[in-house]
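Q: Take the numbering used here: the final residue in the sequence shown is number 184, and no numbers are missing along the way.
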Amino acid sequence: MLINNAGGGVAIKNVVDQTKAEIDRAIQLNLNSVIYAANVFAPIFQKQCSGTIINMSSVCARQCWPEWSVYAAAKAGVLNFSKGLYTELQPYGVRVTCLLPASAATRFQAASGIDDVVRKLRTDDIAQTALFICKLPAHAVVEDVTVWGIDQVVNPL
28 MLINNAGGGV
38 AIKNVVDQTK
48 AEIDRAIQLN
58 LNSVIYAANV
68 FAPIFQKQCS
78 GTIINMSSVC
88 ARQCWPEWSV
98 YAAAKAGVLN
108 FSKGLYTELQ
118 PYGVRVTCLL
128 PASAATRFQA
138 ASGIDDVVRK
148 LRTDDIAQTA
158 LFICKLPAHA
168 VVEDVTVWGI
178 DQVVNPL
């Protein structure tokens, strides 16, 4: 099993206020790292004709909020990369799922330079979702799953 859980906000601000370096870093951290890990592990799973890859994305892959555009673009890339990767690995019995967590009680906000929030969704809830995906029978796959905290109000574009 591979859980691709690399990512971070880097710079959560309007795209016009971001430097090219911040934009590149956000794409490298949130999208390229997932692709690079799959590039390393996919041949192993192909050879053994089994395996599960879970790529962590974000609800930002499907929802849009001000100042999140670059991060959202990278996470949407993870979602679509996961779908493409599944088509490549499915003939080898390898499952690929994209997990899209909502805002959770992590240090993401502080690390991204934005105000921290208190959320009911916890890292353990997200981990339990990943475990559920991995425990499915080998012949079953979840394409993608979004996990929201019951307290999060969604008013996206």
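Just so it is clear, CB atoms sit at the ideal spot from N, CA and C, and this is done for glycine as well.
Predicted model, so just to flag it, every value in this text is computed and none were measured.
Once the 5 residues before and after Ile50 are set aside, which same chain residues still bring their CB inside 6 Å of it?
A: Around Ile50: Val97.
Q: Examine the Cβ distances between the region 38-54 and the region 80-87 and report whether three or more of them are shorter than 8 Å.
A: no
Q: Leu126 and Ser84: beta carbons closer than 8 Å?
A: yes
Q: Should Val86 and Thr124 be called a contact, given that it needs their Cβ atoms to be closer than 8 Å?
A: Taking 8 Å as the Cβ cut-off, Val86 and Thr124 do not qualify as a contacting pair.
Q: For Val168 and Thr46, what's the separation of their Cα atoms in angstroms?
A: 39 Å
Q: Which residues share a DSSP beta bridge with Cys125?
A: Asn82, Asp171
Q: Going by Cα to Cα distance, which pick from Asn32, Cys91, Ile160 is closest to Lys40?
A: Cys91
Q: Distance, Cα to Cα, Arg149 vs Phe159?
A: 16 Å
Q: By how many angstroms is the C-alpha of Thr156 removed from the C-alpha of Gly176?
A: 13 Å
Q: Which partner residues does Ile30 have in the DSSP bridge list?
A: Ile81
Q: How long is the line joining the alpha carbons of Pro93 and Lys102, rounded to whole angstroms?
A: Pro93 and Lys102: Cα-Cα distance of roughly 15 Å.
Q: Please report how far the alpha carbon of Val181 lies from the alpha carbon of Gln75, in whole angstroms.
A: 41 Å
Q: What whole-angstrom Cβ distance do Cys108 and Ile62 have, given they're in contact under 8 Å?
A: In the sequence under discussion, the amino acid at residue 108 is Phe, which differs from the Cys named in the question. Between Ile62 and Phe108 the Cβ distance is about 6 Å, and since that is below 8 Å, they are a contact.
Q: Looking at the structure shown, is Gln90 part of a helix, part of a strand, or coil, going by DSSP?
A: coil
Q: Using 10 angstroms around the beta-carbon of Leu163, count the other beta-carbons present and answer buried if the total reaches 16, otherwise exposed.
A: exposed
Q: By a C-beta neighbour count over all protein chains shown, 10 Å radius and 16 as the cutoff for buried, is Asn66 buried or exposed?
A: exposed
Q: Relative to the C-alpha of Ala119, which residue among Ala88, Ala100, Ile71 is closest?
A: For the record, residue 119 in the displayed sequence is Tyr; it is not Ala. Residue Ile71 is the option with its Cα nearest to Tyr119.
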